[in-house]
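Residue numbers (this note's numbering): 34 to 727. Note that beta-carbon positions come from the ideal geometry of N, C-alpha and C, so glycine has one too. Computed from a prediction, not measured in an experiment: that's the story for all the values here. To start, the structure itself, in structure tokens.
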């Protein structure tokens with residue numbers, strides 16, 4: 034009988050995420066290392082028995098709502114988890130001690146290895162840990178789970194997350210790690226990592242140092258995130274449903290001036306300026322007889338707010354609670370010869386600012402079949418589609434910097450918000466046509482929609498002709514596309530300020546095709562106490578991208594948004610653009626692992642990379658690495674000690690290169706230009722650098 038794991042709608046509501054459910058007191062504190070007292074950014078703070086939680090910031094500080102009887106569970110990868118009862122405390126500072134335990138996990142770095150055999154710096158997170166949090170992306174699930182890794186989430190649903198492994202490793206080019214999903218190297222563009230359904234992930238390995246990343250050559254210069262997706266388990270077929278709904282809110286807002294503080298600041302600023310020019314004048318007389326008059330430093334509306342003792346926080350007017358839901362169903366089955374895993378996922382996220390929202394649909398098929406005892410074939414394929422409504426940054430930015438002396442009501446009221454007096458936030462003086470302080474309620478009228486599609490497929494054949502020898506060939510595809518539609522109506526300040534009062538419609542489209550062909554031969558051999566592993570391989574990757582843009586101004590009506598681009602009447606402001614580019618990377622790689630008596634470990638790796646991003650004569654680079662380890666706990670003199678579960682010393686050295694630069698940086702490029710109906714070519718003003726290399 035198939036095992037069915039179903040949650041009722043009632044249970045889903047009980048397991049809602051977000052701190053909005055927590056009532057009582059607000060707990061704040063700082064999480065630090067017990068030995069060094071250094072702050073721990075990205076540590077997880079969760080209310081025990083719930084999915085409600087938060088993450089510590091860059092300074093290790095956190096804030097969470099809880100009841101006095103609650104218990105906080107604080108965890109961080111590489112450290113022991115600690116539980117603290119809230120009681121009547123408002124401030125709870127927590128110190129975490131390093132975890133001395135070491136689990137002998139199997140990791141995948143070109144070929145499977147036990148964690149105890151590793152000499153490089155690698156962190157491992159399995160599915161059980163990833164699924165503890167009610168989140169929709171792997172990056173969010175990894176926050177605070179991996180030491181030395183900083184993940185910064187975007188502010189809107191669908192924003193790409195930023196991930197840095199051991200800081201920023203390069204100055205003049207990309208500093209993000211690469212993501213390897215079932216052997217396929219994928220970029221973080223077009224939603225990248227966000228396209229992976231977190232419920233499909235079996236494990237994640239983060240490779241941090243040069244020795245661990247050496248097999249990935251130039252692409253691994255900033256670290257590597259390896260993802261292995263799930264497979265069916267031998268036994269009865271399984272049908273699994275996992276779902277949750279929840280709410281989110283901003284817990285820490287930037288501190289801004291209130292009305293009284295702004296009033297005092299402006300009075301001081303005007304008075305200081307006056308006294309600088311008139312040092313013998315009476316400061317108080319100037320304040321009483323000049324500044325306190327209308328239209329000198331304050332408008333009538335500002336005086337009205339000041340005299341009434343009110344203060345307005347505009348962020349409260351554009352920020353709301355966000356609603357989230359995620360539903361995932363999977364089907365899996367496996368025998369000794371065949372294995373299949375199929376999943377479908379739906380996520381819906383309403384953002385915190387304006388009408389920001391995201392809908393994501395994804396599906397996956399992982400299948401493997403043993404044709405012969407020595408022959409295995411398989412595929413890991415997935416598709417995802419993400420649809421977003423994305424308000425402009427002006428909604429948040431302008432509300433954050435808005436004048437607390439101004440009542441937001443007439444700026445929000447449809448009967449007044451589009452009139453000249455309320456198109457911008459500040460009192461109108463001088464040249465208002467150049468005022469960039471847009472009304473944030475009107476900025477929400479800028480319609481922006483984005484859709485992303487991504488298809489990933491990694492297909493392999495595995496041959497084991499003799500014991501210890503493995504031959505594997507993998508061909509993978511990464512096909513992605515993105516559309517962007519934007520419309521700025523004619524009646525708001527953005528159009529008045531930048532487009533001469535004309536509405537503007539914009540269409541943009543991107544598409545990318547990336548294929549990768551890897552071939553590896555590995556051989557394992559054990560002779561008495563000597564264990565050896567050899568790997569040799571080749572890899573070829575080709576990437577092509579194209580981009581098109583069409584834009585027009587001045588339409589007969591704002592009702593059709595971007596759907597009537599041919600109706601753009603401003604012929605002199607029509608804009609067309611396109612871009613086509615591509616690159617190729619060819620690599621030869623090798624690695625030797627040696628282990629003597631589970632005590633002494635050596636790893637040597639070399640990769641020979643050739644990239645079309647560099648000019649001829651500079652395209653090839655050798656990237657070697659070496660590492661060694663000593664497992665002290667396996668020595669005879671450590672048999673009777675009880676202090677260490679595992680004590681392992683490690684040293685490594687490696688050279689990495691970075692090819693994350695523009696495709697044709699070594700060339701001086703020409704661009705087309707049109708003037709008075711004549712076409713011509715001109716340079717961008719940037720001269721190519723033929724000698725640029727790794």
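Item	Value
Does the distance from the CB of residue 124 to the CB of residue 105 come in under 7 angstroms?	no
For residue 156, does the count of other Cβ atoms within 10 angstroms reach 16, so buried, or fall short, so exposed?	buried
Could you tell me the distance, in whole angstroms, from the CA atom of residue 577 to the CA atom of residue 545?	6 angstroms
Between residue 362 and residue 353, how many whole angstroms is the CB-CB distance? I'm expecting something under 8 angstroms.	Actually they do not touch by this definition, with Cβ atoms about 30 angstroms apart.
Is it a yes or a no for the region 628-643 touching the region 594-613, going by three-plus beta-carbon pairs under 8 angstroms?	no
If residue 182 and residue 198 are in contact, beta carbons under 8 angstroms, what's the gap, nearest whole angstrom?	5 angstroms
Cβ of residue 556 within 7 angstroms of Cβ of residue 631?	no
Quick check on DSSP: helix, strand or coil for residue 473?	helix
Hey, is the region 325-344 in contact with the region 393-407, meaning 3+ C-beta pairs nearer than 8 angstroms?	no
The beta strand (DSSP E) that contains residue 657, what's its start and end?	653-664
Of all the options 633, 395, 643, 592, which has the alpha carbon lying nearest to the alpha carbon of residue 617?	643
Is it buried or exposed for residue 715, if we count other Cβ within 10 angstroms and need 16 for buried?	exposed
Which residues mark the beginning and the end of the beta strand (DSSP E) in which residue 637 is found?	633-644
Following the continuous alpha helix (DSSP H) through residue 675, name the residue where it begins and the one where it ends.	Per DSSP, residue 675 belongs to no alpha helix (DSSP H) and is neither H nor E.
In terms of residues, what are the limits of the alpha helix (DSSP H) holding residue 340?	333-341
Pull up the DSSP beta-bridge partners for residue 503, would you.	555
Cutting at 7 angstroms between CB atoms, please list the residues of its own chain near residue 303, excluding the five before and the five after it.	324, 330
Determine the burial state of residue 97: buried for a count of at least 16 other Cβ atoms within 10 Å of its Cβ, exposed for fewer.	buried
When you compare the CB positions of residue 601 and residue 586, do they come within less than 7 angstroms of one another, or not?	yes
In this structure, does DSSP put residue 285 in helix, strand or coil?	coil
In chain order, what residues of the same chain have a beta carbon less than 7 angstroms from the beta carbon of residue 552, not counting five sequence neighbours either side?	506, 570, 571
Do residue 166 and residue 174 come within 7 angstroms of each other at the CB atom, strictly closer than that value?	yes
Measure the alpha-carbon distance for residue 158 versus residue 719 and round it to whole angstroms.	44 angstroms
Residues in its own chain within less than 6 angstroms of residue 94 by CB, not counting five upstream and five downstream?	63
Note the first and the last residue of the continuous alpha helix (DSSP H) segment covering residue 219.	Looking at the DSSP string, residue 219 is not in any alpha helix (DSSP H); the run it does join, the beta strand (DSSP E), is 217-219.
Using the beta-carbon count (16 or more within 10 Å), is residue 59 buried or exposed?	exposed
Please report the straight-line C-alpha distance between residue 386 and residue 414, rounded to a whole angstrom.	34 angstroms
Would residue 209 and residue 172 be called neighbours here (beta carbons separated by less than 7 angstroms)?	no
Suppose you measure from the CA of residue 519 to the CA of residue 239; what does that come to, to the nearest Å?	37 angstroms
Helix, strand or coil for residue 327? Go by DSSP, reduced to three states.	strand
Apart from the five residues on each side of it in sequence, which residues of its chain come closer than 6 angstroms, Cβ to Cβ, to residue 532?	586
Which residue wins for smallest C-alpha separation from residue 676, given the options 332, 665, 685, 683?	665
So, helix, strand or coil for residue 91, using DSSP?	coil
Identify whether residue 277 lies in helix, strand or coil by the three-state DSSP scheme.	strand
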